[in-house]
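Residue numbers (the numbering used here), protein chains in the order written: chain C, 1 to 102; chain B, 1001 to 1117; chain G, 2001 to 2482.
Don't be surprised by glycine CBs; every beta carbon is placed ideally from N, CA and C.
Keep in mind the model is a prediction, meaning the values are calculated, not measured.
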Amino acid sequence: MVEFSYNLYLLLSAILFTIGAVGVITRRNGIIVFMCIELMLNAANLAFISATGIHKGLEGMIFVFFVMTVAAAEAAVGLAIFVMIFRLRGTISVDQMNLLKG
Amino acid sequence: MKEYIGILIILIFANLIALLIVGLSYFLGERKPKKVKLEPYECGMTTIGPARRRISIKYYIFAMLFLIFDIEVLFMYPWAVVTKNLKLFGFIEMFIFIIILLVGYVYVWKKGALEWE
Amino acid sequence: MDVKFPVDELILIAPEIILCGFGLLLLLIEVFLKTKSKSFLGILTLVSAGSALVFVLKLSSFSTDLFFGLYSLDSLGSLTKGLILVMLILVVIMSLRYVEREEVISGEYYPLLLFSTLGMMIMVSSKNLLTIFVGLELMSLSIYILVGLFRDNLKAAEASLKYFLLGAFASAFLVYGIALLYGSTGSLDIKGYLEVIAKGDTSTVLIIGVALIAVGFAFKIALVPFHMWTPDVYEGAPTSITAFMAAGVKSAAFVTFLRVFYTAFLPLIKQWGDILWLLAVITMSYANLTALVQQNIKRMLAYSSIAHAGYILVAFVTGEKILSSSIIYYLVAYTFMNVGAFSCVILMGRKGEENLDIDSYAGLSARHPFVAFCLTIFLLSLTGVPPLAGFMAKFYVFSTAIKAGYVWLAIIGVLNSVVAAYYYLRVIMYMYFRDPVKEIGRIDLSPSYILVSLICIFFLIYTGILPRELMLLAEGAVSVFF
């Protein structure tokens, strides 16, 4: 039986979170940026679940439910905004969002 | 840990053999590219259009709605587990939750988002 | 284990229930009646906000934890809820005409405003990070949609996308921070952290968690270097929503930030004094210097709102519980100044032609003396000229810094206010001493804008001359930290 190691899970979640954060900064396609944000949220979920393992409380798991729901709501709002932008401009590249400047 | 070593060996061998076969045919094989040969389906039907068509935007709306109503079920699992202990409190809470969802559903329905055309 | 239904606690969250109920009701009315005129929905929104405000006032003397500690009712929450509701009422009065003028076809405008306000109210009155997170997201998600609601407007769509992506990015930071805090302490209640930190048990994970939460809030409050979205979103959004964001989101996020950090992480604030100090200086200076060169009045006000966040941070970094009442005072004054200023910006525009560049304001005093007068009052208050509330707010904030020993910070703050005076006074100068550059046509002096402007002016002058009452209220509010 392999020992449960909170630190290893935490490390994994930190790596996932960093990948997501770097992705948000470097990628140019709106949908992919959003997927990276989802990756960050899921990294947080992993951290919550593994923390539940050491604290034996349920709060962490409940929080995961809420994060998942919020992520779904964000996805719905985000897709609606992407569809709107695509209808107006024909592209969802973040680079070409340049009407607002100053 | 010991009982997993067999799996590890199989994993290594499977990967090696797969790499070997693909690699050998890549290095040793002779290639004479022609237009017909490079088409996605060399044998069978002639292709009639690009494979990467744009998906209609309507699917997005359905995906969005599905996602929202699908994820709400998540809250019913923990509720179902403890519903015996929660008694009336749990029932009323879930009732309010469902009512709010229902308002959303009626709204979506009346707004015409559930119709295909 | 049996759980009893806390019926008696329901009355204590009556304001929230009213807003939620009316929000749902308005959605249904909108789809079933398909009313052409949206002002009916607006009036219902006013009714709900008004009755919620009455309940908030009635309940303001209570101070108790509700629903197993997930929610709470205290003086800080009540004051902020009152402020947010008054702000909502002002924005809705403004919107009654604005929505008609811009021919908004979506009836979702008012329900979303209600939901967003509900999110703010939930956020400011909880001591549990789970509830705070849910409230924050309810607020943000509604505003992402509101920003892009004027559908055929490319700028609004772009602002909506930017706000959405950066807002979601920020909430990911916040959630991960909460996850780390939970991992290191096993608690989601902010009072729980206090005990852990008081024991001197500060692991690296906990410190990183707190830092990530601070970053999440800094995005919402728009502190440099997390401010990138602010000018773009404020410019692209419908002006009524800009007022709503500038006043409401900022107040709600700042109060929550204050509550979380002053309840639990006060030792860390003292420890990080230098970093926060620098952050306040950078925020003020960068925003003020950038605002100097703005030609668009909405962008200018956006940078000014970042600068004001910097001034408030000056009082925040001192970490003095008693003196933090100056933060509350500043937020209240700031809300009225900003709503008023944006109501004047709306007044200047017409459908499809918003007249946002500062040139449009040239010679305004000759043609529309009333508008010029109102805008002058708001800009003077933003500058911090006595006897307006903006002056007292700045005075309290900077004297807080001096009392806490941050003399240099106060001096930098005052210097920044002087720089800021240049760009506020420039607009006033344009209005009174320049000849008109372009024809802006008849402006739409609707009673709804005039009412909002007059309420804001009255409030600014009243609390500027007699700041005592509001200050006592603010002191009562921050007494929750003791």
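Neighbours of phenylalanine 1075/B in chain C, taken as residues at a C-beta separation under 7 Å, are given in chain order as Phe65.
Ranked by Cα distance from serine 2365/G, the first of Phe2433/G, Gly2384/G, Leu2356/G and Leu2301/G is Phe2433/G.
Tyrosine 2424/G: member of the alpha helix (DSSP H) spanning 2407–2433, first to last residue. The beta-carbon of leucine 8/C is placed no less than 8 Å from the nearest beta-carbon of chain G.
Among the CB atoms of chain C, one or more fall inside 8 Å of the CB of methionine 1064/B. In the displayed model, asparagine 1085/B falls within a helix according to three-state DSSP. Annotated three-state conformation of serine 5/C is coil, per DSSP.
In terms of beta-carbon proximity, isoleucine 1057/B lines the interface with chain C, with at least one pair separated by less than 8 Å.
Looking at the DSSP output, leucine 2066/G sits in a beta bridge with Tyr2071/G.
In the three-state reduction of the DSSP assignment, aspartate 2008/G falls in the helix class. Residue-level contact check: tyrosine 1105/B does not touch chain G, since none of the beta carbons of chain G fall below 8 Å from its beta carbon. For valine 2414/G, same chain residues with a beta-carbon under 7 Å away, outside a window of 5 residues either side, are Phe2398 in chain order. Using a Cβ distance threshold of 8 Å, serine 2305/G and alanine 2315/G do not count as a contacting pair. DSSP, reduced to helix, strand and coil, places serine 2125/G outside both helices and strands of the structure shown, so it counts as coil.
In the DSSP annotation of this structure, the continuous segment of the alpha helix (DSSP H) that includes proline 2369/G starts and ends at 2369–2383.
Ranked by how close their Cα comes to the Cα of phenylalanine 2244/G, the residues Val2031/G, Val2478/G and Leu2085/G have Leu2085/G in first place. Not a single C-beta of chain C is nearer than 8 Å to the C-beta of isoleucine 1096/B. As computed with DSSP, aspartate 2189/G is found in a beta bridge with Asn2128/G. For the region 2284–2321 of chain G, the continuous alpha helix (DSSP H) assignments of 4+ residues that do not extend past its boundaries occur at 2297–2318, in sequence order. Secondary structure at aspartate 2152/G: coil, using DSSP grouped into helix, strand and coil. For serine 2061/G, the number of other beta carbons within 10 angstroms of its own is below 16, and it is reported as exposed. When Ile2428/G, Ile2275/G and Phe2265/G are compared, the shortest CA-CA separation from proline 2225/G is found for Ile2275/G.
Using a Cβ-Cβ cut-off of 8 Å, isoleucine 1068/B is close to Ala72, Ala73 and Ala76 of chain C, given in chain order.
Not flagged as an interface residue toward chain B: valine 94/C, since no C-beta distance is shorter than 8 Å.
DSSP, reduced to helix, strand and coil, places serine 2203/G outside both helices and strands of the structure shown, so it counts as coil. Shown here for proline 2467/G: same chain residues with a beta carbon closer than 6 Å to its own, the five before and five after excluded, namely Met2392 in chain order. In this structure, leucine 2041/G lies away from leucine 2019/G, with their beta-carbon atoms at least 8 Å apart. Below the 7 Å Cβ cutoff, chain C contributes Met68, Thr69 and Ala72 as neighbours of isoleucine 1071/B, in chain order. For valine 24/C, no CB of chain B lies under 8 Å from its own CB, so it is not counted at the interface with that chain.
Annotated as proximal: leucine 2212/G and leucine 2180/G, with beta-carbon spacing under 8 Å.
With fewer than 16 other beta carbons inside 10 angstroms of its own, alanine 1113/B counts as exposed. Interface annotation, leucine 2033/G: not in contact with chain B, CB-CB separation never under 8 Å.
With contacts defined as CB atoms closer than 8 Å, phenylalanine 2378/G and glycine 2319/G fail to qualify as a contacting pair. Per DSSP, reduced to three states, the secondary structure at serine 2184/G is helical. Three or more beta-carbon pairs drawn from the region 2124–2138 of chain G and the region 2171–2191 of chain G are found closer than 8 Å, and the two stretches are therefore classed as touching. If you look at glutamate 1003/B, you'll find it isn't in any alpha helix (DSSP H); DSSP assigns it neither H nor E.
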